[in-house]
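S.K.: Position 221, counted from 1, in the sequence shown is what the working numbering calls 230; the numbers after and before it change by one each time, with no gaps.
By construction, the Cβ of each residue, glycine as well, lies at the ideal position given by its N, Cα and C atoms.
Let me begin by handing over the structure; questions about it come next.
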Amino acid sequence: MRHRYLVTFTGTAVRLSSYFLPTLKENPSEAQIVSHRLMLRAGMIRQSSAGIYSWLPLGYRVLKRVEQIVREEMDAAGCQEVLMPAIQPADLWRESGRYEDYGREMLRITDRHERDMLFGPTHEEVITDIFRQTVRSYRDLPKNLYQIQWKFRDEVRPRFGVMRGREFLMKDNYSFDLDVDAARKSYNRMFVAYLRTFARMGLKAIPMRADTGPIGGDMSHEFIILADTGESEVFCDASLLALDALSDEVDYDADLQAMVDVWTAPYAATDEEHDPESFETQVAEKDRRKARGIEVGHIFYFGTKYSKAMGAEVSGADGEPITVEMGSYGIGVSRLVGAIIEACHDDEGIIWPESVAPFQVGLINLKAGDAACDAACADLYAKLAASGNDALYDDRDERAGVKFATMDLIGLPWQLVVGPRGLKDGVVELKARQSGEEETLSAEAALSKLTA
Ligand code: 5CA
10 MRHRYLVTFT GTAVRLSSYF LPTLKENPSE AQIVSHRLML RAGMIRQSSA
60 GIYSWLPLGY RVLKRVEQIV REEMDAAGCQ EVLMPAIQPA DLWRESGRYE
110 DYGREMLRIT DRHERDMLFG PTHEEVITDI FRQTVRSYRD LPKNLYQIQW
160 KFRDEVRPRF GVMRGREFLM KDNYSFDLDV DAARKSYNRM FVAYLRTFAR
210 MGLKAIPMRA DTGPIGGDMS HEFIILADTG ESEVFCDASL LALDALSDEV
260 DYDADLQAMV DVWTAPYAAT DEEHDPESFE TQVAEKDRRK ARGIEVGHIF
310 YFGTKYSKAM GAEVSGADGE PITVEMGSYG IGVSRLVGAI IEACHDDEGI
360 IWPESVAPFQ VGLINLKAGD AACDAACADL YAKLAASGND ALYDDRDERA
410 GVKFATMDLI GLPWQLVVGP RGLKDGVVEL KARQSGEEET LSAEAALSKL
460 TA
């Protein structure tokens, strides 16, 4: 029952009466899309200033889970985690030529010595600087380094909550290779790692040919989730929605081109890259999907754009200098939390996929203060925690309706309901949030089902 990859925080169990969960009954007027509304209503985030948010306990737990899945897939694909500074010197960006180009989206800062600094919107320059200072020989390649770090982009229109923030959490990684062929292999590894990452979060992310934008380069895919509230228009072949990225184990040392080809052969393009004529000739009418999409990841191969400008070279086998080939790869970690909600909710609230749920189980005491209910819940609560389950125990003195509404709103995968009538018959109720299926069973049976 538990997700195979579930990250265990070794069974955190908390009582709702003491948990910081500032839920809202009413829909906040500033929220235009469902994920923003639900994140505010479920007490996950609070806005600090335009496009800048605090993550409250429930939201932060989800963010950490999303981050951990990203981390595990990056590690599996052979990348190594680093943490670069959030504040960067402007001089590095002058070297790459991007300091002026980046325009007003860049938050520019002057330190006390009148030195120009900036809050990093991305880290190509910093990583290239690290590389050129430290790597000397072709024998040290390939390298692929990643970080999970807060970025700042002074977006013209921050909106939709964490979906388009000004401060946001990104996973960004950077590959360094000796030649184009090796760089394409790195690109393919990231392509496959991305497919797996999003699939593990219960998402169908479709890789789409994309514009390279100010990053430059000649090979780029955006990973897009179809959702009515997406910011851009996208076009794809419906067959892509039937592909399963987790069906096979991946050997990252093998050539992954065949797998990439399976995902890139069907038509899929963002608005900028869309070619109506090819769409019509390549895709049967019944399979043509025109939809809105949320970009959750973006990968670029840009060759020597930064390494050349900044002098990132290694010496080759013959001693001659080689300018390294680079790629960069981003995932919108904080955006993903909103994107998952866009994909997984109903009228009552969020429906978390197990892999990212803040808690697996919501334990509901229908009659707090009743000795039998309190004792049964205390026992279940202790056993759930001991078995490594994350449980949120609603022990508040509230009406049943309020408790059910809260649990539905915050979307935990399982609701374990304990009431005086059931207890008389020796039973509790287990409800699956997603299917709505309810089962009446003994407390032991419920526990063994949840801890299976
Ligand atoms: N340097 C490259 C890759 S490391 C880069 O910056 N790519 S990016 O601009 O496409 O950003 C990567 C991902 O960050 C995007 O796919 C998106 O999911 C997320 N992202 C970008 N801007 C925002 C924003 N304003 N708010 C939330 N997430 C964002």
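Out of Ser457, Trp361, Ala409 and Val427, which one is the CA nearest neighbour of Gly397?
M.R.: Answer by Cα proximity: Ser457.
S.K.: If you drop the 5 nearest sequence neighbours on each side, which residues of the same chain put their C-beta closer than 6 Å to that of Ile419?
M.R.: These residues qualify, in order along the chain: Ala51.
S.K.: Pairs of beta-carbons, one from the region 51 to 65 and one from the region 435 to 452, closer than 8 Å: are there three or more?
M.R.: No contact exists between the region 51 to 65 and the region 435 to 452.
S.K.: Which class does Lys376 belong to by DSSP, given the choice of helix, strand or coil?
M.R.: Correct three-state label for Lys376: coil.
S.K.: Is Met199 near Ala86, with beta carbons less than 8 Å apart?
M.R.: Contact flag set, yes.
S.K.: If you draw a straight line from the alpha carbon of Met268 to that of Val201, how long is it in whole angstroms?
M.R.: Roughly 8 Å between the two C-alpha positions.
S.K.: Ignoring anything shorter than 4 residues, give me the alpha helix (DSSP H) runs that lie fully in the region 262 to 338, in order along the chain.
M.R.: Runs found: 266 to 273, 285 to 291 and 314 to 319.
S.K.: How about Val23 and Leu432: are their beta carbons less than 8 Å apart?
M.R.: No, these two residues do not count as a Cβ contact at 8 Å.
S.K.: Take Lys317 as the anchor and find which of Gly339, Gly410, Gly106 and Met217 has the nearest alpha-carbon.
M.R.: Closest by alpha carbon: Gly106.
S.K.: Which residue spans inside the region 42 to 94 form an unbroken beta strand (DSSP E) run of at least 3?
M.R.: Here the runs fully enclosed are 54 to 58 and 61 to 64.
S.K.: Within a Cβ cutoff of 7 Å, which residues of the same chain sit near Phe128, ignoring the five residues on either side of it in sequence?
M.R.: Correct list, in chain order: Ala95, Ile96, Leu116, Ile118 and Phe161.
S.K.: At a threshold of 7 Å, does Ser57 count as lining ligand 1 (C-beta to nearest heavy atom)?
M.R.: Flag unset: Cβ of Ser57 not near ligand 1.
S.K.: Rounding to the nearest angstrom, what Cα-Cα distance links Cys382 and Arg430 in this structure?
M.R.: Looking at the two C-alpha atoms, the distance is approximately 10 Å.
S.K.: Using the Cα positions of Lys314 and Ser146, report the straight-line distance between them to the nearest angstrom.
M.R.: The straight-line gap from Cα to Cα measures roughly 20 Å.
S.K.: Buried or exposed: Thr143, going by 16 or more other Cβ atoms within 10 Å of its Cβ?
M.R.: That one is exposed.
S.K.: Is any heavy atom of ligand 1 found at a distance shorter than 7 Å from the C-beta of Tyr315?
M.R.: Not so, every heavy atom of ligand 1 lies at least 7 Å from the Cβ.
S.K.: Between the Cα of Arg124 and those of Glu114, Pro98 and Phe169, spot the shortest distance and give me the residue it belongs to.
M.R.: The residue with the shortest Cα to Cα distance from Arg124 is Pro98.
S.K.: For Asp296, which residues in the same chain have their Cβ closer than 7 Å to its Cβ, ignoring the five residues on either side in sequence?
M.R.: The residues are Asp246, Ala247 and Ser248.
S.K.: In terms of residues, what are the limits of the alpha helix (DSSP H) holding Ser26?
M.R.: Counting along the chain, Ser26 falls outside any alpha helix (DSSP H), and DSSP gives it neither H nor E.
S.K.: Please go through the same chain and pick out, in chain order, the residues whose beta-carbon is closer than 6 Å to the beta-carbon of Gly339, but skip the five residues on each side of it.
M.R.: Taken in chain order, the residues that qualify are Met179, Asp181 and His307.
S.K.: Would you identify the three-state DSSP class for Glu258, choosing helix, strand or coil?
M.R.: Looking at Glu258 - three-state DSSP - the assignment turns out to be coil, as it is neither helix nor strand.
S.K.: Have a look at Met10 and Asp356 and give me their C-alpha separation to the nearest angstrom.
M.R.: Residue placement at Met10 cannot be trusted, given a pLDDT of 46 that sits under 50; what the coordinates show is reported in the next sentence. Taking the straight line from one Cα to the other gives about 25 Å.
S.K.: Opposite Gln158 in the DSSP bridges: which residues?
M.R.: BP columns for Gln158 point to Met179.
S.K.: By how many angstroms is the C-alpha of Ala377 removed from the C-alpha of Leu92?
M.R.: About 46 Å.
S.K.: Using 10 angstroms around the beta-carbon of Glu453, count the other beta-carbons present and answer buried if the total reaches 16, otherwise exposed.
M.R.: Classification of Glu453: exposed, given that the 10 Å Cβ count is below 16.
S.K.: If we count the other Cβ atoms within 10 Å of its Cβ and call it buried at 16 or more, is Arg103 buried or exposed?
M.R.: Under this definition Arg103 is an exposed residue.
S.K.: For Ala385, which residues from the same chain have a beta carbon less than 8 Å from its beta carbon, with the 5 sequence-adjacent residues on both sides left out?
M.R.: Val427, Leu432, Val437 and Ala452.
S.K.: Taking Leu393 as the reference, give the member of Ile54, Glu407, Gly371 and Arg405 with the closest Cα.
M.R.: With distances taken between Cα atoms, Leu393 lies closest to Gly371.
S.K.: Could you tell me the alpha carbon to alpha carbon distance between Glu133 and Thr449, rounded to whole angstroms?
M.R.: Approximately 55 Å, taken between the alpha carbons.
S.K.: If you draw a straight line from the C-alpha of Asp100 to the C-alpha of Gly320, how long is it?
M.R.: Whole-angstrom Cα-Cα distance: 14 Å.
S.K.: Residues in its own chain within less than 7 Å of Leu250 by CB, not counting five upstream and five downstream?
M.R.: Lys213, listed in sequence order.
S.K.: Evaluate Pro37 with the Cβ neighbour count: other Cβ atoms within 10 Å of its Cβ, from every protein chain shown; 16 or more gives buried, anything less gives exposed.
M.R.: Classification of Pro37: exposed, given that the 10 Å Cβ count is below 16.
S.K.: Check whether the region 191 to 198 and the region 170 to 177 touch, using three or more Cβ-Cβ pairs below 8 Å as the test.
M.R.: Judged by Cβ distances under 8 Å, the region 191 to 198 makes no contact with the region 170 to 177, as fewer than three pairs qualify.
S.K.: If the criterion is Cβ atoms closer than 8 Å, does the pair Leu204 and Val333 meet it?
M.R.: Contact: no.
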